[in-house]
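A.B. asks: Quick note: the sequence shown, position 89, residue 200 per this note's numbering, numbers continuous. By construction, the Cβ of each residue, glycine as well, lies at the ideal position given by its N, Cα and C atoms.
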Amino acid sequence: TPTLTPTSTPTPTSTFTPTATPTATPTLSPTPTITPTPYPLPRGVQDDERWVLVVLHEQRLYAMKGGYPVRVFRVSTGLPNTPTVTGTFRVYSKFRLAPMAGPGYYIPDVPYTMYFYKGYALHGAYWHNAFGQPMSHGCVNLRVDDARWLYEKWVNIGTVVHVVP
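Here you go:
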């Protein structure tokens with residue numbers, strides 16, 4: 112059997128490594144600071160106080176500290192025949208679970224209920240998922256997790272609820 116022998120020995124060639132060519136970095140001009148305009152405080156609310164703003168035409172609830180929103184939630188407020196009241200109120204009672212009843216409905220365990228005027232309340236609603244459009248008998252419906260956050264972290268007895276059209 113014939114044996115193969117190499118005819119030449121390979122020699123490595125040097126590889127050229129290019130050096131980086133520096134490029135100029137443009138100097139950025141400073142971005143102007145935008146200072147948000149605070150929302151006007153309802154009567155009786157202090158500059159650093161926690162309160163709740165409900166804007167009916169937006170179907171949104173804002174957890175406010177002074178004039179600035181801390182969190183924003185989509186809500187469902189009252190239908191045209193059962194509108195949500197407007198005005199400035201204070202939460203007068205809170206219930207982890209509360210029964211609610213009215214003409215044509217009874218719900219035994221409404222979660223995270225915070226009454227602010229007569230039978231009107233902020234509360235969790237597990238029976239629909241149409242937040243962002245009116246759905247209620249006048250209350251302010253929130254996702255259950257959102258209502259829980261408000262109930263546990265934001266709203267106390269006496270917290271202002273300011274409802275605007």
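Going by DSSP in three states, D159 sits in which element: helix, strand or coil?
C.D. replies: coil
A.B. asks: Grab me the residues of P180's own chain with a C-beta within less than 6 Å of its C-beta, minus the 5 sequence neighbours each way, in chain order.
C.D. replies: Y173
A.B. asks: State buried or exposed for G235, treating a residue as buried only when at least 16 other CB atoms are found within 10 Å of its CB.
C.D. replies: buried
A.B. asks: Taking all protein chains shown into account, do 16 or more other C-beta atoms lie within 10 angstroms of the C-beta of S204, making it buried, or fewer, making it exposed?
C.D. replies: exposed
A.B. asks: Let me confirm a value: Y223 is counted as buried when at least 16 other C-beta atoms fall within 10 Å, else exposed. Which label applies?
C.D. replies: buried
A.B. asks: Answer with buried or exposed for N252, where buried requires no fewer than 16 other C-beta atoms within 10 angstroms of its C-beta.
C.D. replies: Buried: at least 16 other Cβ atoms inside 10 Å.
A.B. asks: Tell me where the beta strand (DSSP E) around R182 begins and ends.
C.D. replies: Y179 to R185
A.B. asks: For V166, which residues in the same chain have their Cβ closer than 6 Å to its Cβ, ignoring the five residues on either side in sequence?
C.D. replies: Here the set comprises V275.
A.B. asks: Put R154 into one of helix, strand or coil per three-state DSSP.
C.D. replies: coil
A.B. asks: So A209 is in the beta strand (DSSP E); what residue range does that whole segment cover?
C.D. replies: S204 to G213
A.B. asks: Can you tell which of C250, I268 and F242 has its C-alpha closest to the C-alpha of Y231?
C.D. replies: C250
A.B. asks: Let me know the secondary structure DSSP gives A258 once reduced to three states.
C.D. replies: Helix.
A.B. asks: On a CA-only basis, which of N240, F227 and D257 is nearest V272? Give me that one, please.
C.D. replies: F227
A.B. asks: Mark W238 as exposed unless 16 or more other C-beta atoms lie within 10 angstroms of its C-beta, in which case mark it buried.
C.D. replies: exposed
A.B. asks: Give the secondary structure of K264 by DSSP, where H, G and I count as helix, E and B as strand, and everything else as coil.
C.D. replies: helix
A.B. asks: So what's G189 in DSSP terms, helix, strand or just coil?
C.D. replies: strand
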